[in-house]
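In terms of this note's numbering, the sequence shown opens at residue 43 and continues consecutively.
Beta carbons are placed, not taken as given, at the ideal position from N, Cα and C, and that holds for glycine.
As structure tokens, the structure follows; a few thoughts come after it.
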Amino acid sequence: MTLAKDDLLAAYRVMKTIREFEERVHVEFAAGEIPGFVHLYAGEEACAAGVCTHLSKEDYIASTHRGHGHCIAKGVDVHGMMAELFGRRTGLCGGKGGSMHVADLELGMMGANGIVGGGPPLVTGAALSAKRAGHGNVAVAFVGDGGSNQGTTFESLNLAKVWNLPAIFVVEDNGYAEATSSKWSIGAESNAERARGFGLHAVRVDGHDFFAVYDAAGEAVQRARDGGGPSLLDCQLNRYYGHFEGDAQTYRGPDEVKKLRADQDCVARFSKRVTESGDVAESKLAAIDQEVLELIEDAVAAAKSAPKPEAGDLLTDVYVSY
Ligand SMILES: Cc1ncc(C[n+]2csc(CCOP(=O)(O)OP(=O)(O)O)c2C)c(N)n1
Ligand SMILES: [Mg+2]
């Protein structure tokens, strides 16, 4: 599949925005500015960007506890996200959700999710509604290697096949569920093989390679839109930071992350490929880098100066009237 120059620049902007968002959140969390638990997506950007490039605002995604990248790739407002992480009233959920509960239903972003394996059932439901509405929309569940072992995921794969749903399951196998190796915890040879057992189309993908994810996701999304049923992408990738911010990471080798950053940086790989091919000038990428840094700086400044929720806010957004 080929991408026009503007699409390449847009994909780069998404990946770079995720990376800089995460690098900055790492710093702000360490400085004690961000309450609650934070799980960073740095290193995995090509997966969210490669998949979401195929989606429109009317398509659905469900995310995980490591959800900032999925939100940004689906077009969620960075200022609203940052304010949410800082626990401020101007946040997307009024500052009451934080990192693990960012959602924007207007954009089909059904939410980050503190429940491991919580996304696949939501996506099965969203895909069923999309099928019945008949507008050709699809639903995508991002799920970790740990989440891929949950019964909720297996049931969702099965129902998606039984109901022939426009659903795509994207397993982000970053090698660990907290400190448990995915090589140990996944009994089958791979998640792709396991999904084939459920009757889904499934492929294993180098999740550090935007173009590999983009191609595989493109096929899966097209199949879903055409009524061809569900697919699974088994993306192999890595996270740069700990499971959560503050994780001592004693289960990782001393140079593991240093090597990953040097050899498997999906943003650097993307830049190298598009500049060496002559598709994009380095100056264009440098301009995006600068704009992204300014956006993040601005979002942090705005979040820091925004008001915190007040006591009365505890009683709002609790019940929904239909
Ligand atoms: C149902 C459930 N069980 C356990 C947990 C605790 N927990 C939070 S994250 C996590 C590991 C998830 O690993 P994975 O799915 O591989 O995602 P990653 O953190 O690697 O992105 C666990 C066990 C939880 N939040 N929900
Ligand atoms: Mg994992």
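Asked: Segment contact, 8 Å Cβ cut-off, at least three pairs: the region 245–263 with the region 284–297; Found: no
Asked: C-beta atoms of Asp187 and Ser232 nearer than 8 Å; Found: no
Asked: DSSP three-state assignment for Thr95, whether helix, strand or coil; Found: coil
Asked: One or two residues paired with Val182 in a DSSP bridge; Found: Ile103, Ile210
Asked: Distance, Arg236 Cα to Ala230 Cα; Found: 6 Å
Asked: Anticipated Cβ contact below 8 Å, Val334 with Arg55, distance rounded; Found: 7 Å
Asked: Val212 classed as buried or exposed, judged by whether at least 16 other C-beta atoms fall within 10 angstroms; Found: buried
Asked: Reduced DSSP category for Gln278 - H, G, I as helix; E, B as strand; rest coil; Found: strand
Asked: Cβ-heavy atom distance, Gly159 to ligand 1, below 7 Å; Found: yes
Asked: Any non-hydrogen atom of ligand 2 closer than 7 Å to Ala219 Cβ; Found: yes
Asked: Cβ-based neighbour list, Ser313, same chain, cut-off 6 Å, excluding 5 preceding and 5 following; Found: Leu327
Asked: Check: Asn233 C-beta below 7 Å from any heavy atom of ligand 2; Found: no
Asked: Proximity test, Asp187 beta-carbon vs ligand 2 heavy atom, cut-off 7 Å; Found: yes
Asked: beta-carbon His81 near ligand 1 non-hydrogen atom, thresh 7 Å; Found: yes
Asked: Leu127 and Thr166 closer than 8 Å at C-beta; Found: no
Asked: Same chain, Cβ closer than 8 Å to Cys113, neighbours up to 5 away in sequence not counted; Found: Ser105, Met123, Val144, Asp146, Met151, Ala154
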